[in-house]
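Working notes for the structure below.
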Amino acid sequence: MTRNMVTATNTLGQLQQQLDIISNNIANVDTIGYKQSTATFTSLLTQEFQNQRGDDADRQTPLGIRMGNGAKIAQSQLNGKQGSLQGTDRSLDFGFTAENQYFKVLIQGANGDQEQNFTRAGAFYFTPINDDEVMLVDGQGNALLNQNDEIIVFDGPVDNIRLTNTGTLQVSANGVQQEVDLGVVNIQRPQLMERVASGYLSMPNNLEELGVFPGEVMVQMEGELRQQIGLEQGTLEQSNVDLTTAYTDLIEVQRNYQFLSRAISMSDQMAGLVNGMR
Amino acid sequence: MFRGFYTAATGMIAQQRRTDLLTNNMSNVNTPGFKADQSSMRAFPDMLLSSLGESKIPTEKGLTLANMPTVGALNTGVYMQETIPLFTQGDVRETQFTTDMALVQGDMPLNGETGLPGMIFFTLENPDGTNRLTRNGNFTLDAQGFLTTANGYYVLDDAGNRIELESDQFQVSEDGRIVVDGTDVARVGVAYSDDPQALVNEGDGLLRAPDGVVLPNAYAQEDIAFRVNQGFLEQSNVDSARTMTDLTNAYRAYEANQTVLQAYDRSIEKTVNEVGRVN
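Put into structure tokens, the structure is as follows:
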């Protein structure tokens, strides 16, 4: 009886989630290095009804009628498109100019364990770790890693910070030149990555179950490959959220929501008609 | 006695079915590659009415003959006979994803029997080894690097093999060739059906060819024109304004049937409470 009500309700719940995804994109329109998510829909499974056995009338379609049950979000994809670069003239701001390349960051977990995550937000800082050494950290205070997965420590106080076109950070402290290769990876299958807090991407926990090695999912940019690193010093990569598209999608979702609410109220009125029969 | 009582009820059930179908279309107004379903209603098979009567022949003793004069044909209801997907090209919309593809078809030859144009589809591998078809080109790369649908069905190339790619950095030419760093690695499989109405809609964007039917490769067909557009998705071909109109229409038809049912109810009420009354 209330089949259409259920169909509409199923879809309304999913539209709500699409709305959440769009809202999150809009909220991050000013977040550096942010990559927008795009949700797409698919129809739910259909049910076949053999509503007239022995139906011998001419027909175009196979026997029975097939009724759908609404729609659901099929996937939410990470859009890896390049964001625009904003000049900041700050020597510790780095913007990527190549898609799918990420910095490696060491995250301290709640129970003391450490995990490697990936970010494109390149606003870095030096934090003192003792009287004469400084460590390179990102905006969240998490340590950046070099190409060999070690934290980056310089003798301080540092000045004259320079980035080479192969992603090597050169600093001098008291006239002594020091350099380190910033750890950069090229993530080959961004859709496999998990989005975690603060704009970080992390490897999925079930990678082994999937039968995949981390090396297949991402390429370490080392040796010859460092020539392909696209990093610009003194700039920050802006969010790649396109507000026009986001708002268009928002309007579309809202109207779909209205249409389906109308379908529910019609279904309710139909139930009212049945109740009013006697 | 009151034959139309159940006729009106079947009318309500059929209109209920129609609203179910239209609500599903409305739900999928945003689903890539979705084809709107259309309903066709059919009257219950005819039945021939005749009245039981007798005719008196004025003879000496008075002769009575039984006869049954024919009254005419009557249909005692309606039901939804078919749900027919509307196989027309949907609009295409840019998405920026290299793993999104839209099939854009030109003129298709008309089927000699049905008079309707043919249709082309992407080919997918079902876990049981058989093939499925879809118009939803919203693909992705799985952990192993195979091109799959959002639900993990492998997308097949024109030779029926899975498509394996290193990363999402690849180009698809308009004739379906997947190019990685300047070399052809595969060609997206596209199947042609000259009678798409015979396909079974399984939902989730999947269509199944009838048992034993193998659809031909669309690239080998000479008289059809189409192209594969990378970075685009074919939108649903549901027209929301029309669907809403049809929904209102179905609702009112439901209401009309309910009113007829009430009229019958009053007739029955009269029969029960007044016709048989003694005083």
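Residue numbers (the numbering used here), protein chains in the order written: chain A, 801 to 1078; chain B, 20 to 298. Every residue, glycine too, gets a C-beta built ideally from N, C-alpha and C. Please read all numbers here as calculations on a predicted model, not as lab measurements.
Rounded distance between the beta-carbons of residue j and residue i, thought under 8 Å
i                       : j                       : result
residue 248 of chain B  : residue 34 of chain B   : So it is not a contact: roughly 40 Å between Cβ atoms.
residue 141 of chain B  : residue 208 of chain B  : 7 Å
residue 823 of chain A  : residue 1038 of chain A : At roughly 19 Å, the Cβ-Cβ gap does not stay under 8 Å, so residue 823 of chain A and residue 1038 of chain A are not in contact.
residue 214 of chain B  : residue 130 of chain B  : 5 Å
residue 151 of chain B  : residue 172 of chain B  : 6 Å
residue 72 of chain B   : residue 87 of chain B   : 7 Å
residue 118 of chain B  : residue 166 of chain B  : 7 Å
residue 124 of chain B  : residue 245 of chain B  : 4 Å
residue 304 of chain B  : residue 1012 of chain A : As shown, chain B starts at 20 and ends at 298. That puts residue 304 of chain B outside it, with no answer to give.
residue 63 of chain B   : residue 283 of chain B  : Not confirmed; about 17 Å, so no contact.
residue 274 of chain B  : residue 1073 of chain A : 6 Å
residue 114 of chain B  : residue 1044 of chain A : That belief does not hold up - the Cβ atoms of residue 114 of chain B and residue 1044 of chain A are roughly 14 Å apart, past 8 Å.
residue 998 of chain A  : residue 1069 of chain A : With a Cβ gap of about 48 Å, residue 998 of chain A and residue 1069 of chain A do not count as contacting.
residue 264 of chain B  : residue 45 of chain B   : The Cβ separation is near 11 Å, so there is no contact.
residue 1027 of chain A : residue 160 of chain B  : Not quite, the Cβ-Cβ distance comes to about 26 Å (not below 8 Å), so this is no contact.
residue 254 of chain B  : residue 111 of chain B  : 7 Å
residue 266 of chain B  : residue 898 of chain A  : Incorrect: roughly 50 Å between the Cβ atoms, too far for contact.
Residue from the options whose Cα sits closest to the Cα of residue i
i                       : options                     : result
residue 1078 of chain A : B:288, B:42, B:298          : B:288
residue 1076 of chain A : B:59, B:280, B:286          : B:280
residue 155 of chain B  : B:80, B:26, B:224           : B:224
residue 840 of chain A  : B:66, B:53, B:202           : B:53
residue 68 of chain B   : B:92, B:62, B:169           : B:92
residue 1007 of chain A : A:989, A:998, A:997, A:948  : A:989
residue 874 of chain A  : A:895, A:814, A:1047, A:819 : A:814
residue 180 of chain B  : B:211, B:202, B:144, B:195  : B:144
residue 99 of chain B   : B:238, B:113, B:39          : B:39
residue 146 of chain B  : B:134, B:126, B:170         : B:170
residue 964 of chain A  : A:1071, A:892, A:1017       : A:892
residue 993 of chain A  : A:818, A:889, A:849, A:917  : A:917
residue 987 of chain A  : A:1014, A:969, A:889        : A:1014
Beta-carbon spacing of residue i, residue j below 8 Å
i                       : j                      : result
residue 905 of chain A  : residue 944 of chain A : yes
residue 870 of chain A  : residue 43 of chain B  : yes
residue 967 of chain A  : residue 878 of chain A : no
residue 47 of chain B   : residue 219 of chain B : no
residue 1041 of chain A : residue 826 of chain A : yes
residue 269 of chain B  : residue 41 of chain B  : yes
residue 199 of chain B  : residue 192 of chain B : no
residue 922 of chain A  : residue 894 of chain A : yes
residue 1035 of chain A : residue 50 of chain B  : no
residue 230 of chain B  : residue 128 of chain B : no
residue 137 of chain B  : residue 212 of chain B : yes
residue 217 of chain B  : residue 235 of chain B : no
residue 1067 of chain A : residue 805 of chain A : yes
residue 934 of chain A  : residue 958 of chain A : yes
residue 946 of chain A  : residue 985 of chain A : no
residue 971 of chain A  : residue 961 of chain A : yes
residue 928 of chain A  : residue 956 of chain A : yes
Cβ neighbour criterion (16 or more within 10 Å) applied to residue i
i                       : result
residue 74 of chain B   : exposed
residue 132 of chain B  : exposed
residue 1029 of chain A : buried
residue 149 of chain B  : exposed
residue 872 of chain A  : buried
residue 1000 of chain A : buried
residue 900 of chain A  : buried
residue 920 of chain A  : buried
residue 1061 of chain A : exposed
residue 908 of chain A  : exposed
residue 206 of chain B  : buried
residue 168 of chain B  : buried
residue 293 of chain B  : exposed
residue 976 of chain A  : exposed
residue 930 of chain A  : exposed
residue 233 of chain B  : exposed
residue 66 of chain B   : exposed
residue 950 of chain A  : exposed
residue 56 of chain B   : buried
residue 913 of chain A  : exposed
residue 902 of chain A  : buried
residue 835 of chain A  : buried
residue 1049 of chain A : buried
Closer than 7 Å: residue i CB and nearest the ligand SAM heavy atom
i                       : result
residue 1015 of chain A : As far as ligands go, the structure on display features none, and thus does not contain the ligand SAM.
message = Would you call the stretch 819-838 of chain A in contact with the stretch 170-187 of chain B, where contact means no fewer than 3 C-beta pairs closer than 8 Å?
response = no
ask   = Is there contact here, the stretch 90-105 of chain B with the stretch 855-862 of chain A, by at least three beta-carbon pairs under 8 Å?
value = The stretch 90-105 of chain B is in contact with the stretch 855-862 of chain A.
query = Taking one C-beta from the stretch 1043-1063 of chain A and one from the stretch 24-32 of chain B each time, how about it: are there three or more such pairs within less than 8 Å?
reply = no
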